[in-house]
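For reference, the structure is listed below as structure tokens.
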Amino acid sequence: MACCALFSKYFLAALNLIWFIGLIVIGVLMGVFWKKIDLNSYLKLIGYKYVPFLLIVVTIIVMVFAVIFGFCFFCTNSKCLRLTYSNLLVLIFLLQIASVAIFFVFKQRTEVDISSRWSAPNFADIVKGIEKKLVCCGFADTTQEDASRCASNNVTNYDSSCETKIVAQITKYKAYVIVGIVLLILLQIALIVLAFIYACATDEDLGDEGDDFDDSEDEYFTD
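Each position in the sequence shown, counted from 1, maps to that position plus 54 in the numbering used here.
If you want it as structure tokens, here you go:
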């Protein structure tokens with residue numbers, strides 16, 4: 055058990071470092087992705103109170119705290135901190151599962167929200183921006199009114215409605231998102247298993263190797 059506990063401790067530190075680097079990479083990629091497809095416009099159309107979006111934000115914040123907490127608890131053998139960290143990892147895992155599940159549940163509602171707000175006057179500037187960026191006109195179908203608006207916005211060489219282009223954008227990055235989610239969940243499971251092994255370890259299992267060395271040295275001089 056002692057070997058497993060020590061292995062878990064140092065492997066957790068390594069995984070926390072990987073997790074920390076991964077969060078930085080994810081942050082950079084999200085920034086690039088956000089700017090490239092102008093995700094801010096879509097969020098305005100569906101509303102910032104969109105449940106999956108809020109869950110993802112909360113999960114990322116908790117993950118950042120978990121990484122910081124993980125590095126802190128690595129420096130101590132406090133059983134309370136070890137159990138707290140283990141439970142925090144379980145909470146993050148549940149938040150990740152909930153985010154993915156709710157995302158698929160709200161997918162249909164998202165399309166309805168965008169469709170209903172597409173022609174609303176207070177979203178006109180956002181719609182114009184999306185149409186110009188994706189070179190499309192109208193949401194599901196291009197009406198005469200849509201064609202006139204697009205012409206005034208210098209969008210004339212469109213070949214499809216914006217719904218088709220938006221779905222194409224989502225499909226384009228879907229594989230990367232799925233791979234990222236799978237890797238994140240596998241890493242999370244590994245962290246949870248190792249964290250509970252380390253949390254359940256006794257003080258004897260986590261004994262200082264330096265103390266063992268001193269004891270053996272005393273025995274040598276006694277002999």
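Glycine included, each C-beta is placed from N, C-alpha and C at the ideal position.
Selected residue, minimal CA-CA separation from residue i, among the options
{"i": "S214", "options": "T197, V166, C134, S140", "result": "T197"}
{"i": "N238", "options": "K186, L142, F147", "result": "Note on residue identity: the sequence assigns Leu, not Asn, to residue 238. L238 has its Cα closest to that of F147, out of K186, L142, F147."}
{"i": "A120", "options": "K182, F74, F193, D200", "result": "F74"}
{"i": "S153", "options": "S202, T113, G192, D195", "result": "T113"}
{"i": "L142", "options": "I72, L83, V116", "result": "V116"}
{"i": "E217", "options": "A244, K226, T210, A194", "result": "A194"}
{"i": "V31", "options": "I80, E199, R136", "result": "The chain is shown from 55 up to 277; residue 31 falls before or after that span and cannot be answered."}
{"i": "Q223", "options": "V189, K63, F125, L135", "result": "V189"}
{"i": "A249", "options": "L135, K187, C204", "result": "L135"}
{"i": "K187", "options": "F61, Q242, A229, T210", "result": "T210"}
{"i": "C129", "options": "S206, Y64, V236, A255", "result": "Y64"}
{"i": "C191", "options": "Y212, D167, L83", "result": "Y212"}
{"i": "I72", "options": "P175, L83, N176, F125", "result": "F125"}
Limits of the alpha helix (DSSP H) - the one that residue i falls within
{"i": "F195", "result": "The sequence shown places Asp at residue 195, not Phe. Where D195 is concerned, there is no enclosing alpha helix (DSSP H), given that its DSSP letter is neither H nor E."}
{"i": "A147", "result": "Before going on, a small fix: residue 147 reads as Phe here, not Ala. 133-159 is the span of the alpha helix (DSSP H), which, as asked, contains F147."}
{"i": "A178", "result": "178-188"}
Expected contact under 8 Å - CB spacing of residue i and residue j to nearest Å
{"i": "L77", "j": "V111", "result": "Actually they are not in contact, since the Cβ atoms of L77 and V111 sit about 13 Å apart, beyond 8 Å."}
{"i": "I251", "j": "S62", "result": "4 Å"}
Inter-residue Cα distance where the pair is residue i and residue j
{"i": "R163", "j": "S173", "result": "17 Å"}
{"i": "A253", "j": "Q150", "result": "22 Å"}
{"i": "E185", "j": "N70", "result": "42 Å"}
{"i": "S140", "j": "E165", "result": "38 Å"}
{"i": "F267", "j": "L240", "result": "With a pLDDT of 37 at F267, under the threshold of 50, the modelled position of that residue is not reliable, and the figure given next carries that caveat. Those two C-alpha atoms are separated by around 37 Å."}
{"i": "L66", "j": "V221", "result": "39 Å"}
{"i": "I246", "j": "I122", "result": "16 Å"}
{"i": "K226", "j": "V236", "result": "17 Å"}
{"i": "I169", "j": "A229", "result": "Position check: residue 169 holds Ser in this sequence, whereas Ile was assumed. Straight-line Cα distance between these residues: approximately 25 Å."}
{"i": "I9", "j": "A205", "result": "Since the first and last residues shown for the chain are 55 and 277, residue 9 lies out of range."}
{"i": "D200", "j": "N207", "result": "10 Å"}
{"i": "L145", "j": "T138", "result": "11 Å"}
{"i": "A255", "j": "A68", "result": "19 Å"}
{"i": "P175", "j": "D167", "result": "15 Å"}
{"i": "M84", "j": "R203", "result": "31 Å"}
{"i": "R171", "j": "V86", "result": "26 Å"}
{"i": "K219", "j": "V82", "result": "24 Å"}
Residue-chain proximity (residue i, chain C), Cβ-Cβ < 8 Å
{"i": "A174", "result": "The chain inventory of the structure shown lacks chain C, comprising one protein chain alone."}
Contact between the segment 149-165 and the segment 177-189 (3+ Cβ pairs under 8 Å): no
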